[in-house]
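Residue numbers (the numbering used here): 1252 to 1543.
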């Protein structure tokens, strides 16, 4: 039996407040130190309070385009209504995921549901951008909704940590999403004192984002909420001990090792391809989203 080799912590990146066109978010990736952890490009953590006196369709993030990557939304609290130019219209609740492969181009909006605006007015989400290999950048767009009922759940030996398998293969189970490259995406939620050892493929880059709580990473030490842990590529295991009730994402994937050229919502391999994306959007080739 091969000996377990724990991954070493390379960086701890605190999520920093930024302004996204009047929309306040905390950004853990990219930072001035690290542009990407291939294939992961961006991680935003947003907590929003909506106005009960305004219609939900006028709040949140309005129609905007994407091309060349997968924007993925994890709903921590509240509800998100996704609509796009390929006629998807879906409300995802807390504990669920909306996974969209933008491919050749799509226009979508992310609003709160009317029910959430009237009930609590609160929404908390994580948005993750995952780069697509060049071979998939111009494929037709896809949208996958992961309801609570369809997400496989792994339970730790001490039964204190439940881990949702969002994408990839783990412990003889397969996530519902079929990603465009090799990924393992896990969403853990557990009680104080819980311990879990996660096995990560040897050649995968790996990060852990702590949404809430505090944890101890074996071989490193304490990690606080709203910090992104970036591991070195060597090793095949991460062991976490929960110091408080905690929630976290483990994001790992095989590096694409391709050139990245990004301009706003377009992530391509060359500047020419970015200019083509801008032109195609202006010409209406990514479709049109009219919100009624």
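Using N, Cα and C, we set each Cβ at its ideal position, and we do this for glycine too.
Sheet register partners of residue i (DSSP bridge)
i: residue 1270; result: 1275
i: residue 1502; result: 1436, 1458
i: residue 1322; result: 1380
i: residue 1415; result: 1404, 1438
i: residue 1424; result: 1421
Pairwise C-alpha distance: residue j and residue i
i: residue 1519; j: residue 1262; result: 26 Å
i: residue 1339; j: residue 1448; result: 37 Å
i: residue 1367; j: residue 1373; result: 7 Å
i: residue 1503; j: residue 1281; result: 16 Å
i: residue 1420; j: residue 1435; result: 7 Å
i: residue 1470; j: residue 1456; result: 18 Å
i: residue 1274; j: residue 1314; result: 14 Å
i: residue 1309; j: residue 1360; result: 11 Å
i: residue 1387; j: residue 1507; result: 12 Å
i: residue 1306; j: residue 1541; result: 16 Å
i: residue 1353; j: residue 1495; result: 37 Å
i: residue 1407; j: residue 1342; result: 30 Å
i: residue 1489; j: residue 1303; result: 43 Å
i: residue 1433; j: residue 1286; result: 20 Å
i: residue 1329; j: residue 1297; result: 12 Å
i: residue 1401; j: residue 1332; result: 18 Å
i: residue 1396; j: residue 1376; result: 15 Å
i: residue 1501; j: residue 1522; result: 31 Å
i: residue 1257; j: residue 1487; result: 6 Å
i: residue 1336; j: residue 1458; result: 32 Å
i: residue 1284; j: residue 1399; result: 36 Å
i: residue 1255; j: residue 1492; result: 17 Å
i: residue 1510; j: residue 1481; result: 21 Å
i: residue 1485; j: residue 1365; result: 46 Å
i: residue 1505; j: residue 1291; result: 10 Å
i: residue 1441; j: residue 1327; result: 14 Å
i: residue 1358; j: residue 1409; result: 44 Å
i: residue 1428; j: residue 1350; result: 8 Å
i: residue 1517; j: residue 1266; result: 23 Å
Simplified DSSP assignment, three categories, for residue i
i: residue 1531; result: helix
i: residue 1307; result: helix
i: residue 1544; result: Nothing about residue 1544 can be read from this structure; the chain reaches only from 1252 to 1543.
i: residue 1540; result: coil
i: residue 1405; result: strand
i: residue 1298; result: strand
i: residue 1524; result: helix
i: residue 1265; result: strand
i: residue 1491; result: strand
i: residue 1448; result: strand
i: residue 1316; result: strand
i: residue 1472; result: strand
i: residue 1507; result: coil
i: residue 1283; result: coil
i: residue 1466; result: strand
i: residue 1513; result: strand
Residues of its chain near residue i, where Cβ-Cβ distance is below 6 Å and the 5 sequence neighbours each way are ignored
i: residue 1295; result: 1276, 1278, 1378
i: residue 1264; result: 1279, 1282, 1479
i: residue 1344; result: 1330
Cβ shell of residue i (< 8 Å), same chain only, five flanking positions each side left out
i: residue 1356; result: 1316, 1317, 1318, 1392, 1528, 1531, 1532, 1536, 1537, 1538
i: residue 1424; result: 1403, 1405, 1416
i: residue 1312; result: 1274, 1360, 1361, 1362
i: residue 1474; result: 1263, 1459, 1461, 1465, 1466, 1467, 1468, 1480
Close beta carbons around residue i, own chain, < 7 Å, minus the five adjacent residues each side
i: residue 1300; result: 1372, 1373
i: residue 1463; result: 1476, 1497, 1498
i: residue 1422; result: 1405
i: residue 1384; result: 1431, 1432, 1507, 1509
I'd like the ranges of any alpha helix (DSSP H) spanning at least 4 consecutive residues and lying wholly in the segment 1360-1391. 1365-1370
At 3 residues or longer, and completely inside the segment 1320-1357: list those beta strand (DSSP E) runs for me, N to C. 1320-1328, 1330-1335, 1340-1344, 1348-1352
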